[in-house]
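Asker:
2 protein chains.
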Amino acid sequence: MNDLSRMLAHSIVTSQAASVGPETSKEAHRALVNYIGCALGGADHPAMDITFDALGGFSGPGAAGVIGRPEKVDVPFAALLNGLSSHIHDFDDTTPSNYIHPTSPVASALFAWAAATPVSGRDFLHAFALGFDTVTRIGDATYPNHYKAGWHSTSSIGVFGAAVAIGKLMGLNEQQMLWAIGLAATQASGLRDNFGSMAKGFHPGHAARCGIEAACLARAGFTTGTTPLEGPRGFAAVTSGGLLDAANFTDGLGTSYRFEGNTYKPYPCGIVIHPTIEVCSTFHDEGLVPDKIKAVEVKVAPLVRDLCDLRPSSGLQGKFSIYHAAAIGLVRGQGRLSEFTDEAVSDPRIAAMRDKVTAVADSTVGEDSVRVIITMDDGQKIEKFLGASLGNLVRPLSDAQLDEKFLNQVGVVSGDQARKVLERCWAIGDMKNVGDLVQACVTG
Amino acid sequence: MNDLSRMLAHSIVTSQAASVGPETSKEAHRALVNYIGCALGGADHPAMDITFDALGGFSGPGAAGVIGRPEKVDVPFAALLNGLSSHIHDFDDTTPSNYIHPTSPVASALFAWAAATPVSGRDFLHAFALGFDTVTRIGDATYPNHYKAGWHSTSSIGVFGAAVAIGKLMGLNEQQMLWAIGLAATQASGLRDNFGSMAKGFHPGHAARCGIEAACLARAGFTTGTTPLEGPRGFAAVTSGGLLDAANFTDGLGTSYRFEGNTYKPYPCGIVIHPTIEVCSTFHDEGLVPDKIKAVEVKVAPLVRDLCDLRPSSGLQGKFSIYHAAAIGLVRGQGRLSEFTDEAVSDPRIAAMRDKVTAVADSTVGEDSVRVIITMDDGQKIEKFLGASLGNLVRPLSDAQLDEKFLNQVGVVSGDQARKVLERCWAIGDMKNVGDLVQACVTG
Numbered sequence: 003m004n005d006l007s008r009m010l011a012h013s014i015v016t017s018q019a020a021s022v023g024p025e026t027s028k029e030a031h032r033a034l035v036n037y038i039g040c041a042l043g044g045a046d047h048p049a050m051d052i053t054f055d056a057l058g059g060f061s062g063p064g065a066a067g068v069i070g071r072p073e074k075v076d077v078p079f080a081a082l083l084n085g086l087s088s089h090i091h092d093f094d095d096t097t098p099s100n101y102i103h104p105t106s107p108v109a110s111a112l113f114a115w116a117a118a119t120p121v122s123g124r125d126f127l128h129a130f131a132l133g134f135d136t137v138t139r140i141g142d143a144t145y146p147n148h149y150k151a152g153w154h155s156t157s158s159i160g161v162f163g164a165a166v167a168i169g170k171l172m173g174l175n176e177q178q179m180l181w182a183i184g185l186a187a188t189q190a191s192g193l194r195d196n197f198g199s200m201a202k203g204f205h206p207g208h209a210a211r212c213g214i215e216a217a218c219l220a221r222a223g224f225t226t227g228t229t230p231l232e233g234p235r236g237f238a239a240v241t242s243g244g245l246l247d248a249a250n251f252t253d254g255l256g257t258s259y260r261f262e263g264n265t266y267k268p269y270p271c272g273i274v275i276h277p278t279i280e281v282c283s284t285f286h287d288e289g290l291v292p293d294k295i296k297a298v299e300v301k302v303a304p305l306v307r308d309l310c311d312l313r314p315s316s317g318l319q320g321k322f323s324i325y326h327a328a329a330i331g332l333v334r335g336q337g338r339l340s341e342f343t344d345e346a347v348s349d350p351r352i353a354a355m356r357d358k359v360t361a362v363a364d365s366t367v368g369e370d371s372v373r374v375i376i377t378m379d380d381g382q383k384i385e386k387f388l389g390a391s392l393g394n395l396v397r398p399l400s401d402a403q404l405d406e407k408f409l410n411q412v413g414v415v416s417g418d419q420a421r422k423v424l425e426r427c428w429a430i431g432d433m434k435n436v437g438d439l440v441q442a443c444v445t446g
Numbered sequence: 003m004n005d006l007s008r009m010l011a012h013s014i015v016t017s018q019a020a021s022v023g024p025e026t027s028k029e030a031h032r033a034l035v036n037y038i039g040c041a042l043g044g045a046d047h048p049a050m051d052i053t054f055d056a057l058g059g060f061s062g063p064g065a066a067g068v069i070g071r072p073e074k075v076d077v078p079f080a081a082l083l084n085g086l087s088s089h090i091h092d093f094d095d096t097t098p099s100n101y102i103h104p105t106s107p108v109a110s111a112l113f114a115w116a117a118a119t120p121v122s123g124r125d126f127l128h129a130f131a132l133g134f135d136t137v138t139r140i141g142d143a144t145y146p147n148h149y150k151a152g153w154h155s156t157s158s159i160g161v162f163g164a165a166v167a168i169g170k171l172m173g174l175n176e177q178q179m180l181w182a183i184g185l186a187a188t189q190a191s192g193l194r195d196n197f198g199s200m201a202k203g204f205h206p207g208h209a210a211r212c213g214i215e216a217a218c219l220a221r222a223g224f225t226t227g228t229t230p231l232e233g234p235r236g237f238a239a240v241t242s243g244g245l246l247d248a249a250n251f252t253d254g255l256g257t258s259y260r261f262e263g264n265t266y267k268p269y270p271c272g273i274v275i276h277p278t279i280e281v282c283s284t285f286h287d288e289g290l291v292p293d294k295i296k297a298v299e300v301k302v303a304p305l306v307r308d309l310c311d312l313r314p315s316s317g318l319q320g321k322f323s324i325y326h327a328a329a330i331g332l333v334r335g336q337g338r339l340s341e342f343t344d345e346a347v348s349d350p351r352i353a354a355m356r357d358k359v360t361a362v363a364d365s366t367v368g369e370d371s372v373r374v375i376i377t378m379d380d381g382q383k384i385e386k387f388l389g390a391s392l393g394n395l396v397r398p399l400s401d402a403q404l405d406e407k408f409l410n411q412v413g414v415v416s417g418d419q420a421r422k423v424l425e426r427c428w429a430i431g432d433m434k435n436v437g438d439l440v441q442a443c444v445t446g
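Chain order of the listed sequences is A and B. Okay, so the first sequence: first residue is 3 according to this note's numbering, each after it adds one. Okay, so the second sequence: first residue is 3 according to this note's numbering, each after it adds one.
1. Apart from the five residues on each side of it in sequence, which residues of its chain come closer than 7 Å, Cβ to Cβ, to A:A167?
2. What ranges does the alpha helix (DSSP H) occupy inside the segment 285-326 of chain A, keeping only unbroken runs of at least 4 residues that lie completely in it?
3. Any residues in the segment 163-189 of chain B with a beta carbon nearer than 7 Å to a beta carbon of chain A? Which ones, in chain order?
4. By the 10 Å Cβ neighbour count, where 16 or more other Cβ atoms means buried, how is B:A361 classified, buried or exposed?
5. Grouping DSSP H, G and I as helix and E and B as strand, with all else coil, what is A:M433?
6. Output the residue ranges of the alpha helix (DSSP H) runs that lie fully inside the segment 78-125 of chain B and measure 4 residues or longer, sorted by chain position.
7. Between the Cα of A:R124 and those of A:P350, A:S88, A:S416, A:Q18, spot the shortest distance and give me the residue it belongs to.
8. Could you name the residues of chain A that B:T226 contacts, counting a contact when the two beta carbons are closer than 8 Å?
9. Taking contact to mean 3 or more Cβ pairs, one atom from each stretch, closer than 8 Å, check whether the segment 191-210 of chain B and the segment 21-41 of chain B are in contact.
10. Verify the CB distance criterion: does B:T252 have a CB-CB separation below 8 Å to chain A?
11. In the DSSP output, what is B:M378 paired with across the bridge?
12. Can you check which of these residues, B:D55, B:Y101, B:V121, B:P268, is closest to B:Q1 by C-alpha distance?
13. The segment 68-86 of chain B: which residues have C-beta closer than 7 Å to a C-beta of chain A, in chain order?
14. Name the residues in the segment 268-284 of chain B whose C-beta lies less than 8 Å from a C-beta of chain A; which are they?
15. Could you check which residue in A:L392, A:G160, A:M9, A:P230 has the C-alpha nearest to that of A:A187?
16. Please list the residues of the segment 310-343 of chain B that have a C-beta atom closer than 9 Å to any C-beta atom in chain A, keeping them in chain order.
17. Can you tell me where the beta strand (DSSP E) with B:T188 in it begins and where it stops?
18. May I ask which residues mark the beginning and end of the alpha helix (DSSP H) holding B:T360?
19. Where does B:L388 fall in DSSP's three states?
20. Please compile the residues from chain A whose C-beta is within a distance smaller than 9 Å of the C-beta of B:T136.
21. Using Cβ-Cβ distances below 7 Å, what residues of the segment 228-251 of chain B are close to chain A?
22. For the alpha helix (DSSP H) that contains B:K407, what are its first and last residues?
23. Using a Cβ-Cβ cut-off of less than 9 Å, give me the residues of the segment 143-154 of chain A that come near chain B, in sequence order.
24. Should B:Q382 be labelled buried (16 or more other beta-carbon atoms within 10 Å of its own) or exposed?
25. On the criterion of 16 or more Cβ atoms from any shown chain inside 10 Å, does B:G152 qualify as buried, or is it exposed?
26. Taking its Cβ as the centre, do 16 or more other Cβ atoms sit within 10 Å of B:K170, making it buried, or is it exposed?
27. Using a Cβ-Cβ distance cut-off of 8 Å, determine whether A:I52 contacts chain B.
28. By how many angstroms is the C-alpha of B:A238 removed from the C-alpha of B:P146?
29. Based on Cα-Cα distance, which residue from A:S13, A:V121, A:L42 lies nearest to A:D135?
30. Going by Cα to Cα distance, which pick from B:K422, B:D357, B:G184 is closest to B:D5?
31. With a threshold of 7 Å on Cβ separation, who are the neighbours of A:E448 within its own chain once the five nearest residues in sequence on each side are excluded?
32. Rounded to a whole number of angstroms, what is the C-alpha to C-alpha distance between B:L290 and B:H326?
33. Note down, in chain order, every chain A residue with its Cβ under 9 Å from the Cβ of B:D94.
34. Is there a Cβ from chain B that is less than 8 Å from the Cβ of A:S191?
35. Determine the extent of the alpha helix (DSSP H) in which B:A41 is found, giving its start and end residues.
36. Would you please verify whether the beta carbon of B:G59 is less than 8 Å from any beta carbon of chain A?
In structure tokens, the structure reads:
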């Protein structure tokens, strides 16, 4: 199909807020609750201070507050910072159909925009739903080629969602929206070589910022090619080996929003090592003594081993280490933020346990499953299999669990402020001005 | 070779200014003369005003002048604007070994930096040579895969040159330089779908800006992966089908600079249609009457037809139209800026002539050659073949021709100012502070 980009532009431009039904609204609220918690949780990460040090001097007039921070900066820079904080702990949401973290790039742009420009909750939610849906459609239509090629699709595809969401709030016309999509496509970037480093967190922030600037340039009349998604030198041809499944992309375009495949993480790390943490934590809770374990064999899907075959030397690398996942479960019975710090990675008991772990790619094991086989010093073997871990589509986090996750990670604000923010997040669709929520998330 | 990124970082960090010999210095000066002329020539293009309208409000404190403009803006934004102006007319230099325009992304970052921070001509020239060389090495080592995939490599590879050049001026250490390369890699972007639109000009500006920010972040300690160029999920694997010719990349790394393959354009358009303009202008000068021409057949290399098979409706599209190239040569005998305006593209005589032109891919014709066969109304056939057009490596523009090109396009400054700037460009390596040159290029 040689007009997908224009179809997308048309669909976004003509969409009405009433198209966001109750189910979409509900799931969008869950995604935003989870997002704000993660952004607050990452707001004091060293990568944030480094970014302020490096780029703060270039910021324009301080129009926008940043979630969890005292500084006010220009809108695109605020988007970059929101994106970084919300993804740096790898605790944000995931759509397993394409392994994208769809909310971070879109919501980071939107909250930065709303911090400086009045936006009603209804319009905000509509723009968010459109941005999220766009990311998910492009992600689904180019999966697995795009991701397997080595793109960090949260960034390289997230940028489209940020651009159309902001473009919608601006009221771009169809031609302008097409240019915004073109400018998003031509800034699409982000390499998986950076998994385990700060640059992974930079990616959705960069996407959010580029998306905002794409919409701004398009509104002002900056022209692009006409086939950014589907052209012979467009996004899919260049980055996804030409894969752009038009039937998948257009299925329900303009009438439904793809929120039903979103998941929320109980552990702040790569989603594919969640089953390992859960199973190993169960061993721990059952009283298995770490010192008496001789060897741990973890059987996972090939993709999981490919993604998480890291022997970590930093907390950020620990988030992509199947060995670390097994070790923290067995030694601590937990997978909290404090299990993914530099200190936890260098904890001698955890490091010793990691050395006992081997990972085997097994194509009979699902990507959300794991089989763990423990050999004790006395030769005894114990085995557990987990089909789907907590947070998975078939075992979703409840609203109460999302609340708990939120409150457990938002230490940059006081308990009272945290509960107030949480309450507002659950009612964002009814807000008169979403800027008030950002204001409530600002510190200092 | 699994340590190319670190080798590059090491080479840049340890390089001494004395390594820039007289031949490199000479060609670097020619490149910078050509660059400043192009940046002044594009400074009043509508795309520049649009970009100011769109993004000017986000600019930080006005530390940096912009070439050919009255505004002062933050350094990364100045880099974006310099990149846009210097490339928007497609008049900047080209290395035919990889079809990159290497100077624009590198020099745009450097002049923005020098506008705000004192830099000696010697250090500036050294950093420029390193940036140019880095772009050319990565370009050569990934050609043709990277370019043929559909990347606008001036942007997607240019970003590396900007990052290492600015990183060199900052005095980054090897670890920081590796991070700068990592942050460049992960922002690498730019799709050929945009050829013929303003977004093509945006690309080197975006690369320049991203390169500056990569260096700033790296200096502050922002971490990345360790194998941004050569890793299994690094730049070459993800964008170039894994092609990264290590022998090519490392040949002379640290001891010589790849300036010998650079060329300068006599016509402001895609380089591969230059032979067509030249041949058709010769027909015109020999008195061939356009109205008596029945048909024009242009035989070009397959790449040329692939790149320039556009029936244009704007001046920017005309720059990538083999049909327009033939038409302006035959009708006007010229290929100046005024042949690539919207007006020229809609000129009825030129439009009528374009309709008579067909282009045939012929693999026996070189990419810098053309065979033009004219059929007159009376049935007479005339044929000309050109092996290499003016500006080509074997027919380089002389210094005097570069001066003429410079003075012909810098209308945003007065004649006196233009000659003063030109003189300074030729002596940039001896300047105490390159910021003085930017100051001389500022208008208003």
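Built from N, CA and C at the ideal position, the CB exists for glycine as well. Computed from a prediction, not measured in an experiment: that's the story for all the values here.
Answerer: Let me spell this out:
1. Excluding residues within five positions, the ones whose Cβ falls inside 7 Å are V108, A111, L112, A129, F130, L132, G133.
2. Taking only runs of at least 4 residues, the alpha helix (DSSP H) segments lying wholly in the segment 285-326 of chain A are 304-310, 317-320.
3. Going along the segment 163-189 of chain B in chain order, one finds G184, L185, A187, T188, Q189 with a Cβ nearer than 7 Å to chain A.
4. With 16 or more other Cβ atoms from the protein chains shown falling within 10 Å of its own Cβ, B:A361 counts as buried.
5. Of the three classes helix, strand and coil, the one that applies to A:M433 here is coil, per DSSP.
6. Within the segment 78-125 of chain B, the alpha helix (DSSP H) runs of at least 4 residues that lie entirely inside it are, in chain order, 105-118.
7. Out of A:P350, A:S88, A:S416, A:Q18, A:Q18 has the C-alpha closest to the C-alpha of A:R124.
8. Neighbours of B:T226 on chain A, chain order: D195, N196, S199, M200, A201.
9. Per the Cβ contact rule, the segment 191-210 of chain B is not in contact with the segment 21-41 of chain B (fewer than 3 Cβ pairs under 8 Å).
10. False, the Cβ-Cβ gap to chain A never drops below 8 Å.
11. Looking at the DSSP assignment, B:M378 forms a beta bridge with B:I295.
12. For residue 1 of chain B there is no data in the structure shown, the boundaries of chain B being 3 and 446.
13. Those residues of the segment 68-86 of chain B placed with their C-beta closer than 7 Å to a C-beta in chain A are D76, V77, P78, ordered along the chain.
14. So nothing in the stretch comes that close.
15. If we check each option's Cα against that of A:A187, A:P230 comes out closest.
16. Of all residues in the segment 310-343 of chain B, S316, L318 have a Cβ within less than 9 Å of some Cβ in chain A.
17. Going by DSSP, B:T188 is part of no beta strand (DSSP E) at all; its letter is neither H nor E.
18. B:T360: not part of any alpha helix (DSSP H); member of the beta strand (DSSP E) spanning 359-363, first to last residue.
19. B:L388 falls in the strand class under three-state DSSP.
20. Correct list: empty, because the minimum Cβ distance to chain A is about 18 Å.
21. Flagged, chain order: T229, P230, G233, R235, G236, F237, A239, V240.
22. First-last of the alpha helix (DSSP H) with B:K407: 401-411.
23. Using a CB distance below 9 Å, the part of the segment 143-154 of chain A facing chain B consists of A151, G152, W153, H154, ordered along the chain.
24. That one is exposed.
25. B:G152 is buried by the Cβ-count criterion.
26. The residue is buried, with at least 16 neighbouring Cβ atoms inside 10 Å.
27. With 8 Å as the cut-off, A:I52 counts as an interface residue toward chain B.
28. Whole-angstrom Cα-Cα distance: 12 Å.
29. Checked all of A:S13, A:V121, A:L42; the closest Cα to A:D135 is A:S13.
30. Ranked by how close their Cα comes to the Cα of B:D5, the residues B:K422, B:D357, B:G184 have B:G184 in first place.
31. Only positions 3 to 446 of chain A appear in the structure, and residue 448 of chain A is not among them; the question remains open.
32. Looking at the backbone, the Cα of B:L290 and that of B:H326 are separated by about 17 Å.
33. Those within 9 Å of B:D94 in chain A number zero; the least Cβ separation is about 18 Å.
34. So, interface residue.
35. Note, B:A41: alpha helix (DSSP H), 24-44.
36. At a cut-off of 8 Å between C-beta atoms, B:G59 counts as an interface residue with respect to chain A.
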